[in-house]
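Undergrad: Read the sequence shown against numbering that gives the first Met the number 0 and you will find it ends at 636, with the numbers running on by one and no gaps. All residues carry an ideal CB built from backbone N, CA and C; glycine is no exception. For reference, the structure I am asking about is given below.
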Amino acid sequence: MKTLYRKFFQMETRNLLLAVLLPVLILGLMTGLLSVRILRQEIDNNFETRARYFSHHLSNITQTVEDLYNSLSRNSIITPNLKDAILQASRGQLTEKEQEQFHGLLELIFASCQKNPYVDSCYIYYDDTDYYISSPQQLISLKESSDTDWYETYLLSDPDTRAWTETRTMIRADGSSGEVLTVYNRIFPATDPDRPCGILILNIDSTPLKNLLENWNRQSKTIALITAESGRILFSPPSFAQTLSVPLSELGPTLRTQFDSVWRQDTQERRNISVGSVSCVCLVQRLSRFGWHLALIAPKGNLYAPVNRLLFLLISTILLTLLCGVLFAAYTANQKVRDIARIHDSIQRAKEGALPKRGSLLARVQEKSAPETDRTDAQKEPDTGVSDYSKALRELIDSFLDKDYLTIQLAERQHYAQVLELKALQSQLNPHFLFNTLTTIQWKAIALTGGQNHASDMIEYLSDILRYSLDDSSRMATIREEQAMLESYAAIQHIRYGERFHYSCSCDPAISGHYVIRMLLQPLVENSIHHGMNQNSGCLNVQVSITGEADKVRICVSDDGSGMDENRLQEIRAGLTESMSESGRHIGLYNVSKRIMLTYGEDVHLNICSTPGQGTVITLLLPLLDADPFLRSSKEA
Numbered sequence: 000m001k002t003l004y005r006k007f008f009q010m011e012t013r014n015l016l017l018a019v020l021l022p023v024l025i026l027g028l029m030t031g032l033l034s035v036r037i038l039r040q041e042i043d044n045n046f047e048t049r050a051r052y053f054s055h056h057l058s059n060i061t062q063t064v065e066d067l068y069n070s071l072s073r074n075s076i077i078t079p080n081l082k083d084a085i086l087q088a089s090r091g092q093l094t095e096k097e098q099e100q101f102h103g104l105l106e107l108i109f110a111s112c113q114k115n116p117y118v119d120s121c122y123i124y125y126d127d128t129d130y131y132i133s134s135p136q137q138l139i140s141l142k143e144s145s146d147t148d149w150y151e152t153y154l155l156s157d158p159d160t161r162a163w164t165e166t167r168t169m170i171r172a173d174g175s176s177g178e179v180l181t182v183y184n185r186i187f188p189a190t191d192p193d194r195p196c197g198i199l200i201l202n203i204d205s206t207p208l209k210n211l212l213e214n215w216n217r218q219s220k221t222i223a224l225i226t227a228e229s230g231r232i233l234f235s236p237p238s239f240a241q242t243l244s245v246p247l248s249e250l251g252p253t254l255r256t257q258f259d260s261v262w263r264q265d266t267q268e269r270r271n272i273s274v275g276s277v278s279c280v281c282l283v284q285r286l287s288r289f290g291w292h293l294a295l296i297a298p299k300g301n302l303y304a305p306v307n308r309l310l311f312l313l314i315s316t317i318l319l320t321l322l323c324g325v326l327f328a329a330y331t332a333n334q335k336v337r338d339i340a341r342i343h344d345s346i347q348r349a350k351e352g353a354l355p356k357r358g359s360l361l362a363r364v365q366e367k368s369a370p371e372t373d374r375t376d377a378q379k380e381p382d383t384g385v386s387d388y389s390k391a392l393r394e395l396i397d398s399f400l401d402k403d404y405l406t407i408q409l410a411e412r413q414h415y416a417q418v419l420e421l422k423a424l425q426s427q428l429n430p431h432f433l434f435n436t437l438t439t440i441q442w443k444a445i446a447l448t449g450g451q452n453h454a455s456d457m458i459e460y461l462s463d464i465l466r467y468s469l470d471d472s473s474r475m476a477t478i479r480e481e482q483a484m485l486e487s488y489a490a491i492q493h494i495r496y497g498e499r500f501h502y503s504c505s506c507d508p509a510i511s512g513h514y515v516i517r518m519l520l521q522p523l524v525e526n527s528i529h530h531g532m533n534q535n536s537g538c539l540n541v542q543v544s545i546t547g548e549a550d551k552v553r554i555c556v557s558d559d560g561s562g563m564d565e566n567r568l569q570e571i572r573a574g575l576t577e578s579m580s581e582s583g584r585h586i587g588l589y590n591v592s593k594r595i596m597l598t599y600g601e602d603v604h605l606n607i608c609s610t611p612g613q614g615t616v617i618t619l620l621l622p623l624l625d626a627d628p629f630l631r632s633s634k635e636a
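So, in structure tokens, the structure goes:
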């Protein structure tokens, strides 16, 4: 039995998990994964949007150089005139009017530089001269200038390189120094676009630019870097070393290699890279024609922190739900196993003739005959650790076993077999009747819709019949109760057949309170309707008559159907004494006949008469009982 209990426990636990917990887990997992996917997509879109905004902001810095370059390189008048003006101004040969024009031209050229907060200064130098134009000082000699490092770099540069960038320390005219990013761009005149004639220099103050990158890093938790064409890091925030423990000299070539296929394109490109031991998302955007690139690097741990928290919450919830579900399923299955074990124990004790637990009918009967000391011990037996449901179930089983046990002790084996056969035949009626009635309700419910209709009336009548037929407190019922139940059944059939069916019932009021076996009349009326309607195209009249005769009650059920010939009538009369009906036909008659003989004895039987073309009459003559003998026997017991 322990193996059987263990298998039942495993089966119940598995069924509970599959039926309840598994759908909940699947639904929760699908919802959580969909939410994670949507949140991740929103984070990626937000990251790319912020990157576009930041790259647009930085592009304004390089736009100053591009505007100057376009003015000096594409205008065929400005470049030669500006060079001649520089030579004449250096020699002091400009008139007062020409000097005003020269200074006005310089202010126009450097207007964009002066408005840009990131630009420190801008230089314009033409070959074969000793002077150059400076945005803060205008015309200045190379010999008198405090900042000439750029000139040496220009002289040593490769003539084929049109633009390049370097980081250097610039000494200003006031003696102060600062780290700047210098952008070199050769000037090509419009008359000879292949031969450079000078150099355009833009000095960008690195301090405000680094502060901009640092603020961006602090607010968005994203590292912003500016690289040259070769991938060399030009600007990086001060907190870079704390975030990613990788030297700038290694990071630059890594980025250049990762984005080699799109490095010279103006499109924005996003890829997953590894910086040291940190997995990151990197987005690269080309800023200008001078080879500057904006690289935004976000560690995945920071970028997808909300996603990771959501995943952690989802997994924790699933595991907690799974644990609670397993514990609940195990507890429920264990309770069922304990209930089955108690039922098995009750059955075993009943088989062995042992005293059931206190409170059942058999216990009370045996307690009356048991010695006083035994009854006291039985009353003291505790019943702890059992739920109310288990107690009720145990009490139900004990009560059931008590009744069977008393029946075995107080009746003969033949009578016990008759009772079991009676119960089997009586329970056979309900499915047969329910099938026909529910078929009718289904047909009417499809045909009628809304409000109070025949379908709803049929359901109400059917409820009354079910309530009556399923009440097994006793096998007997009063004639009045039988008649009321028959009225409900006839109402259902009248809704079904309409004017094709007519029913009437007459009963002597003096005997309406006497008892007959339950569900006696309905099978007889059902038999008349079933066989009378199949072969009758007109109106079928069914009449029930109940009268008293001395100490007997006469019940007569007649119809004006097609009737039966003599051979068929003899077959039915002979079959009434058999244990089973022929292929399910006349099941109502066979059951009623068998129940009558089992209840009242072999002398009481059902009489059937029929005439072809006129109808059939079924007659019963039963003892007149003024009380339910089965209920009284139970009370006495």
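Looking at the secondary structure, which residues open and close the alpha helix (DSSP H) in which D456 lies?
TA: As a first step, residue 456 is located in the sequence shown; it is residue number 457 there, counting from the start. Taken as a continuous stretch (DSSP letters only), the alpha helix (DSSP H) holding D456 covers 453-468.
Undergrad: Exposed or buried, what is M457 when buried is set at 16 or more other beta-carbons lying within 10 Å of its beta-carbon?
TA: Numbered from its first residue, the sequence shown carries residue 457 at position 458. M457 should be labelled buried.
Undergrad: Of all the CB atoms in chain C, is at least one closer than 8 Å to the CB of R348?
TA: Looking for chain C here will not work: only one protein chain is present.
Undergrad: Let me know the secondary structure DSSP gives H102 once reduced to three states.
TA: Position 103 of the sequence shown, counting from 1, holds the residue named residue 102. Helix at H102.
Undergrad: Between S557 and V603, which are expected to be in contact by the criterion C-beta below 8 Å, what is the C-beta distance as a whole number of angstroms?
TA: For the purposes of this step, residue 557 is taken as the residue at position 558 of the sequence shown. For the purposes of this step, residue 603 is taken as the residue at position 604 of the sequence shown. In fact, because the Cβ distance is near 20 Å, the residues do not count as touching under 8 Å.
Undergrad: Got a sec? Which residues, its chain only, sit under 8 Å from K82 by beta carbon, not counting five neighbours each side?
TA: Translated into positions along the sequence shown, residue 82 becomes position 83. Only Y125, T128, C196, G197 meet the Cβ criterion.
Undergrad: What's the C-alpha gap between Q100 and R194?
TA: Locating residue 100 in the sequence shown gives position 101, counting from the first residue. Locating residue 194 in the sequence shown gives position 195, counting from the first residue. So the two alpha carbons sit approximately 28 Å from each other.
Undergrad: Given S278, which residues of its chain have a CB within under 6 Å of its CB, disregarding the five upstream and five downstream residues?
TA: Against the sequence shown, residue 278 aligns to sequence position 279. Within the same chain, S278 has close Cβ partners K299.
Undergrad: Count the other C-beta atoms from every protein chain shown that fall within 10 angstroms of the C-beta of V23, then say buried if there are 16 or more, exposed otherwise.
TA: Here residue 23 refers to the residue found at position 24 of the sequence shown. It is exposed - the Cβ of V23 has fewer than 16 other Cβ atoms within 10 Å.
Undergrad: Residues bridged to D204 by DSSP?
TA: As a position in the sequence shown, residue 204 is number 205, starting the count at 1. Looking at the DSSP assignment, D204 forms a beta bridge with V179.
Undergrad: At which residues does the beta strand (DSSP E) containing W163 begin and terminate?
TA: Along the sequence shown, read from residue 1 onward, the residue named residue 163 stands at position 164. W163 -> beta strand (DSSP E) spans 162-170.
Undergrad: Just verifying my parser: in three-state terms, what is the DSSP assignment at C506?
TA: On the sequence shown, position 507 is the one that residue 506 refers to. In this structure, C506 counts as strand in the three-state DSSP scheme.
Undergrad: With C-beta atoms as the reference, is D119 less than 8 Å away from V179?
TA: Looking up residue 119 in the sequence shown gives position 120. Looking up residue 179 in the sequence shown gives position 180. Cβ atoms of D119 and V179: closer than 8 Å.
Undergrad: Taking DSSP's pairing of strands, which residues face L295 in a bridge?
TA: Looking up residue 295 in the sequence shown gives position 296. Answer by DSSP bridge pairing, in chain order: A223, L282.
Undergrad: In chain order, what residues of the same chain lie with their CB nearer than 6 Å to the CB of G531, ignoring the 5 residues before and after it?
TA: Residue mapping note: residue 531 aligns to position 532 of the sequence shown, counting from 1. Once the five neighbours on either side are set aside, the close Cβ partners of G531 are L539, D558, G560.
Undergrad: If you draw a straight line from the alpha carbon of E47 to that of L282, how long is it in whole angstroms?
TA: Taking the first residue of the sequence shown as 1, we reach residue 47 at position 48. Taking the first residue of the sequence shown as 1, we reach residue 282 at position 283. If you take the alpha carbons of E47 and L282, they lie about 8 Å apart.
Undergrad: Please report the Cβ distance between I225 and W291, rounded to the nearest whole angstrom; I am assuming they are in contact, meaning their Cβ atoms lie under 8 Å.
TA: For the purposes of this step, residue 225 is taken as residue 226 along the sequence shown, with counting starting at 1. For the purposes of this step, residue 291 is taken as residue 292 along the sequence shown, with counting starting at 1. Indeed they touch by this definition, with Cβ atoms about 6 Å apart.
Undergrad: Give me the DSSP bridge partner(s) of Y488.
TA: Position 489 of the sequence shown holds residue 488. Paired residues: none, contrary to the question.
Undergrad: Does DSSP classify Q267 as helix, strand or coil?
TA: Taking the sequence shown and counting its residues from 1, one reaches residue 267 at position 268. Residue state, collapsed to three classes: coil.
Undergrad: Cutting at 6 Å between CB atoms, please list the residues of its own chain near Q267, excluding the five before and the five after it.
TA: What you label residue 267 is simply residue 268 of the sequence shown in a count that begins at 1. Around Q267: Q284.
Undergrad: Determine the direct distance from the alpha carbon of T256 to that of T160, and round the result to whole angstroms.
TA: Within the sequence shown, residue 160 is the residue found at index 161, counting from 1. Within the sequence shown, residue 256 is the residue found at index 257, counting from 1. Approximately 22 Å, taken between the alpha carbons.
Undergrad: Reducing DSSP to helix, strand and coil, say where L354 ends up.
TA: By one-based count along the sequence shown, residue 354 stands at place 355. Low local confidence applies: a pLDDT of 49 at L354 is under 50, so the model's placement there is unreliable, with the coordinate-based value given in what follows. The answer is coil: DSSP assigns L354 none of H, G, I, E or B.
Undergrad: Tell whether a beta-carbon distance below 8 Å holds between D550 and L623.
TA: Within the sequence shown, residue 550 is the residue found at index 551, counting from 1. Within the sequence shown, residue 623 is the residue found at index 624, counting from 1. In this structure, L623 lies closer than 8 Å to D550 by Cβ.
Undergrad: Can you name, in chain order, every residue of its own chain whose Cβ lies under 6 Å from the Cβ of S145, other than the five neighbours on each side?
TA: The count along the sequence shown starts at 1 and reaches residue 145 at position 146. Cβ within range, chain order: I170, A172.
Undergrad: What three-state label does DSSP hand A549 in the structure shown?
TA: Taking the sequence shown and counting its residues from 1, the one referred to as residue 549 is at position 550. In the structure shown, A549 sits in coil (DSSP, three-state: anything other than H, G, I, E or B).
Undergrad: Whose CA, out of A573, V306, H493, G587, lies closest to the CA of V541?
TA: Stepping through the sequence shown from its first residue, residue 541 is reached at position 542. Taking only the C-alpha atoms, the option nearest V541 is H493.
Undergrad: Would the beta-carbon of V261 fall within 8 Å of that of R269?
TA: Against the sequence shown, residue 261 aligns to sequence position 262. Against the sequence shown, residue 269 aligns to sequence position 270. No. Outside cutoff.
Undergrad: Give me the Cα-Cα distance between F8 and V515, rounded to the nearest whole angstrom.
TA: Start at 1 with the first residue of the sequence shown, and residue 8 comes out as number 9. Start at 1 with the first residue of the sequence shown, and residue 515 comes out as number 516. In a straight line, the C-alpha of F8 is about 47 Å away from that of V515.
Undergrad: Do you know whose CA, among N184, N210, V306, lies nearest F234's CA?
TA: Position 235 of the sequence shown holds residue 234. Per the Cα distances, N210.
Undergrad: If you follow the beta strand (DSSP E) that N606 is in, where does it begin and where does it stop?
TA: Taking the first residue of the sequence shown as 1, we reach residue 606 at position 607. Element bounds for N606: 605-610.
Undergrad: Among M518, Y496, R495, which one has its Cα closest to the Cα of L465?
TA: For the purposes of this step, residue 465 is taken as the residue at position 466 of the sequence shown. Minimum Cα distance to L465 is reached at M518.
Undergrad: Pull up the DSSP beta-bridge partners for H501, would you.
TA: Residue 501 sits at position 502 when you count from the first residue of the sequence shown. DSSP lists N540 as partners of H501.
Undergrad: Rounded to a whole number of angstroms, what is the C-alpha to C-alpha distance between H102 and I272?
TA: Along the sequence shown, read from residue 1 onward, the residue named residue 102 stands at position 103. Along the sequence shown, read from residue 1 onward, the residue named residue 272 stands at position 273. Looking at the two C-alpha atoms, the distance is approximately 52 Å.
Undergrad: Assuming T12 and A329 are in contact, meaning their beta carbons sit under 8 Å apart, how far apart are those beta carbons, in whole angstroms?
TA: On the sequence shown, position 13 is the one that residue 12 refers to. On the sequence shown, position 330 is the one that residue 329 refers to. Right, the Cβ-Cβ distance comes to about 6 Å (below 8 Å), so this counts as a contact.
Undergrad: For T221, which residues of its own chain have a beta-carbon under 6 Å away from its beta-carbon, when the five flanking residues on both sides are left out?
TA: As a first step, residue 221 is located in the sequence shown; it is residue number 222 there, counting from the start. Correct list, in chain order: L295, A297.
Undergrad: Under DSSP, the alpha helix (DSSP H) around L568 begins and ends at which residues?
TA: If you number the sequence shown from 1, residue 568 lands on position 569. Run containing L568: 565-574, per the alpha helix (DSSP H) assignment.
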